[in-house]
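K.L.:
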């Protein structure tokens, strides 16, 4: 069959497999209740569980100073584990690998600031889009956040997830440390390229140690990156620098690499950095070959798009297409790719098992970080 490659299993660096080459992309659904899992989130994941061999949650914050949106999932406290266990069970109900994405928003922790928490980042500087002060992290702050990623990983293990994905993209805290734009430190955590990558790599090492201590060799460690940070004259890093950090992450032992081309970049999966003859997919697929699989995506809306993506990478992540049609991959498997739904009205969203917060976000595309349209969506 034309699309057989999409349905092939994919093997992670630790030997674990997923049943196809499709990842449900991590998407914040804004539907948690003070960080607790809600019934709508369970229904949402369960409805899509037969389609993606690996399903990744929206980002879960690892401590209360790192909350980016009010309806964000929490992995910061032990009392969230029961709900996370229900979520993992829903995601795994049809055989998918369930991955909990872990994140800290750093400077962009607006809800944390509103709740009276101290907001911090690698360096104290004026961020023109923020209306609150941001502290420079102390060495103790840095050590505490590393520990928080470890504690959140242990909660993921306790909840029955198959792995965690470390969110090192979309300008969150780990990327803020790697970025020369936002990291002006002159200690062991900033300055040279090696020192700017020290904090993200320390988080990966610590999480890897937690997995080893738990004696979970089949527990997956994924890593999601933004391949470059270039916004006009504000350059955080170029792709060549991310290549060096990725080499170090591979040496630590990541089980897969997830290359995000969204979160402000808005590339197509077959594009590359400006002036390069290689696409991002080619750059990172060549880099990870023989070590771990790489997932690429962005603007994957049809079966043909997905097939094209897995010809240039090991797997593809799909986001909006699975929001619009929860049976995206099932239709491919059944030879009905022509029946995949690629447009949706706002009225139809209530019939797609989407959580209320996600529906509400798309009803108000003018909100912060809510301006990504669904193809064909009308209001």
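Numbering (the UniProt record's numbering), first residue to last: 1 to 379. Ideal Cβ placement from N, Cα and C applies to all residues, glycine included. None of these values were measured; they are calculated from a predicted model.
If you follow the alpha helix (DSSP H) that residue 165 is in, where does it begin and where does it stop?
P.N.:
That residue, residue 165, is in no alpha helix (DSSP H); its beta strand (DSSP E) goes 163–168.
K.L.:
Please name the residue or residues paired with residue 306 in a DSSP beta bridge.
P.N.:
According to DSSP, which records beta bridges pairwise, residue 306 is partnered with nothing at all.
K.L.:
Going by the CB atoms, is the gap between residue 135 and residue 357 shorter than 8 Å?
P.N.:
no
K.L.:
Just the C-alpha distance for residue 314 and residue 116, rounded to the nearest angstrom, thanks.
P.N.:
Spanning the alpha carbons of residue 314 and residue 116 requires a straight line of approximately 44 Å.
K.L.:
Report all residues from its chain with a CB closer than 7 Å to the CB of residue 168; omit the five preceding and five following residues, and keep chain order.
P.N.:
174, 175, 200, 223, 224, 225
K.L.:
On the DSSP bridge assignment, give the partners of residue 36 in chain order.
P.N.:
33
K.L.:
Please identify the residue among 363, 352, 362, 361 whose C-alpha is closest to the C-alpha of residue 45.
P.N.:
352
K.L.:
Look up residue 25 in the DSSP assignment and say whether it is helix, strand or coil.
P.N.:
coil
K.L.:
Near residue 269, what residues of its chain come up, given a Cβ to Cβ distance below 6 Å and the 5 sequence neighbours on each side ignored?
P.N.:
296, 297, 298, 309
K.L.:
When the Cα atoms are used, what is the spatial distance from residue 259 to residue 183?
P.N.:
22 Å
K.L.:
Spatial neighbours of residue 219 within its chain, please: C-beta separation below 6 Å, excluding the five flanking residues on both sides.
P.N.:
163, 211
K.L.:
Are three or more beta carbon pairs between the stretch 189–197 and the stretch 83–95 nearer than 8 Å?
P.N.:
no
K.L.:
From what residue to what residue does the beta strand (DSSP E) around residue 103 run?
P.N.:
Counting along the chain, the unbroken beta strand (DSSP E) around residue 103 starts and ends at 97–103.
K.L.:
DSSP has residue 257 in a bridge; who is on the other side?
P.N.:
Bridge partners of residue 257: 223, 294.
K.L.:
Which partner residues does residue 197 have in the DSSP bridge list?
P.N.:
Paired residue(s): none; residue 197 is not in a bridge.
K.L.:
Within a Cβ cutoff of 7 Å, which residues of the same chain sit near residue 3, ignoring the five residues on either side of it in sequence?
P.N.:
303, 307, 332, 337
K.L.:
How long is the line joining the alpha carbons of residue 89 and residue 237, rounded to whole angstroms?
P.N.:
39 Å
K.L.:
When the Cα atoms are used, what is the spatial distance from residue 56 to residue 37?
P.N.:
Between residue 56 and residue 37, the C-alpha separation is close to 15 Å.
K.L.:
Assuming residue 178 and residue 245 are in contact, meaning their beta carbons sit under 8 Å apart, how far apart are those beta carbons, in whole angstroms?
P.N.:
6 Å
K.L.:
Taking the Cβ atom as the reference point for each residue, do residue 132 and residue 154 lie within a distance shorter than 8 Å?
P.N.:
no
K.L.:
Using 8 Å for Cβ pairs, my map puts residue 204 next to residue 249. What's the rounded Cβ distance?
P.N.:
6 Å
K.L.:
Mapping the DSSP letters down to three states, classify residue 15 as helix, strand or coil.
P.N.:
Residue 15 falls in the coil class under three-state DSSP.
K.L.:
Can you check which of these residues, 33, 257, 145, 63, is closest to residue 13 by C-alpha distance?
P.N.:
257
K.L.:
Can you give me the C-alpha to C-alpha distance between residue 185 and residue 239, rounded to a whole angstrom?
P.N.:
21 Å
K.L.:
Once DSSP output is grouped into helix, strand and coil, what is the label at residue 135?
P.N.:
strand
K.L.:
Could you give the DSSP three-state label for residue 388: helix, strand or coil?
P.N.:
Within the shown structure, residues of the chain are numbered from 1 to 379, placing residue 388 beyond reach of any answer.
K.L.:
Less than 8 Å between the beta carbons of residue 81 and residue 149, yes or no?
P.N.:
Residue 81 places its beta carbon 8 Å or farther from that of residue 149.
K.L.:
Once DSSP output is grouped into helix, strand and coil, what is the label at residue 276?
P.N.:
coil
K.L.:
Could you tell me whether the Cβ atoms of residue 386 and residue 32 are closer together than 8 Å?
P.N.:
One cannot answer for residue 386 here, as it falls past the ends of the chain, which runs 1 to 379.
K.L.:
On the CB-based measure, 16 or more other CB atoms within 10 Å of its CB, does residue 35 come out buried or exposed?
P.N.:
buried
K.L.:
Going by DSSP in three states, residue 67 sits in which element: helix, strand or coil?
P.N.:
coil
K.L.:
Identify which residue in 280, 251, 325, 141 has its Cα closest to the Cα of residue 290.
P.N.:
251
K.L.:
For residue 60, write down the residues that DSSP places opposite it in a beta bridge.
P.N.:
73, 102
K.L.:
Mapping the DSSP letters down to three states, classify residue 340 as helix, strand or coil.
P.N.:
coil
K.L.:
Since residue 24 and residue 52 should fall inside the 8 Å C-beta cutoff, what is the C-beta to C-beta distance between them, to a whole number of angstroms?
P.N.:
4 Å
K.L.:
Roughly how far, in whole angstroms, is the beta-carbon of residue 104 from the beta-carbon of residue 172, given that I think they are within contact range, below 8 Å?
P.N.:
6 Å
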